[in-house]
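Written below as structure tokens is the structure these notes are about.
In the numbering used here, the protein residues as written are 1 to 308.
In structure tokens form, the structure reads like this:
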């Protein structure tokens, strides 16, 4: 049956956008993005009339009625997908994720993900902190980024590892090929990252509604129009490396979102040339320090050969 939420428009939100008002009036129980989805899905009425424009400006004394459907029943199944496991014990495992694999299911995309593969490999031995969509997932990398990820098999390990990430003691180093050549062969990018003002699917360096973000870079080799760089994350914001490198004028090669534009995208890379090469952390149970490294994947090496 779902739930019906109804409220009046008072002076506190008069003239505001409908999606924003829904978020405010439900005290953030409905996020702005979900409000937009409800509006688009013909689930919001004003004074008995259907409204499908998220930008609609509400007027004083209007009555807003929201029809919230029953939650979709997720059917996430284990799948026998080959995993490259670098390390595994009873508490955790380290996986080398290939380019093109999504880390966890999302609406409309329930199969072929790392989580589907983990559910087959680990059975019920995955942490539950991030719910049924992201069991075991402590941190993520983008679909088209390859490399190392740590997976927690229980909540104890998950909490301990998450705390290390929060305290910035969790080592995460990447390698990438980026556009342009550098004057300074080492440096630090300290620029806050938040949701893009106009494109909600993108992140950006922005002061409002942002979080601190710090990336350290070191140039390993310069080419004619590109550079091979190593990048160390001090923080872990969404798309941090891709946003920061684009911000300083060196977008990641192959990046269709933050790159130099559609005409310059290197389609043969099938996504950004970015690899999570190193990972280091204190084991949550033994308290010993572990560090792992992977070789650069073939797509990365092949691209470097074209630059030589």
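All C-beta atoms in this analysis are idealised placements derived from N, C-alpha and C, irrespective of residue type, glycine included. Remember, predicted model here, so these are calculated numbers, not experimental data.
Per-residue burial, residue i [other beta carbons within 10 Å of its own, 16 or more giving buried]
i: residue 262; result: exposed
i: residue 85; result: exposed
i: residue 100; result: exposed
i: residue 173; result: buried
i: residue 153; result: buried
i: residue 49; result: exposed
i: residue 36; result: buried
i: residue 132; result: exposed
i: residue 251; result: buried
i: residue 217; result: buried
i: residue 298; result: exposed
Distance, residue j Cα to residue i Cα
i: residue 91; j: residue 159; result: 12 Å
i: residue 219; j: residue 231; result: 9 Å
i: residue 170; j: residue 233; result: 9 Å
i: residue 40; j: residue 28; result: 19 Å
i: residue 354; j: residue 186; result: This structure gives no information on residue 354, because the portion of the chain shown stretches from 1 to 308.
i: residue 283; j: residue 293; result: 16 Å
i: residue 164; j: residue 306; result: 39 Å
For residue i, the three-state DSSP class (helix, strand or coil)
i: residue 198; result: coil
i: residue 6; result: strand
i: residue 49; result: strand
i: residue 34; result: helix
i: residue 246; result: helix
i: residue 117; result: helix
i: residue 292; result: strand
i: residue 76; result: coil
i: residue 307; result: helix
i: residue 145; result: coil
Inter-residue CB distance, residue i and residue j (contact presumed, cutoff 8 Å)
i: residue 143; j: residue 102; result: 5 Å
i: residue 237; j: residue 213; result: 5 Å
i: residue 24; j: residue 66; result: With 8 Å as the limit, residue 24 and residue 66 do not qualify as a contact, their Cβ atoms being about 13 Å apart.
i: residue 254; j: residue 265; result: 7 Å
i: residue 147; j: residue 97; result: 6 Å
i: residue 126; j: residue 136; result: 4 Å
Residue i beta carbon near the ligand NAD (any heavy atom closer than 6 Å)
i: residue 144; result: This structure simply doesn't include the ligand NAD, nor any ligand for that matter.
Exercise for review: Could you tell me whether the stretch 184-194 touches the stretch 274-281, using the rule of 3 or more Cβ pairs below 8 Å?
Suggested key: no
Check your understanding: Just checking, does the stretch 218-231 make contact with the stretch 170-182 on the three C-beta pairs under 8 Å criterion?
Key -> yes
Review point. Between the stretch 7-17 and the stretch 57-65, do at least 3 Cβ pairs fall closer than 8 Å?
Key: yes
Practice item. Take every Cβ of the stretch 115-122, pair it with every Cβ of the stretch 75-82, and state whether three or more of those distances are shorter than 8 Å. Key: yes
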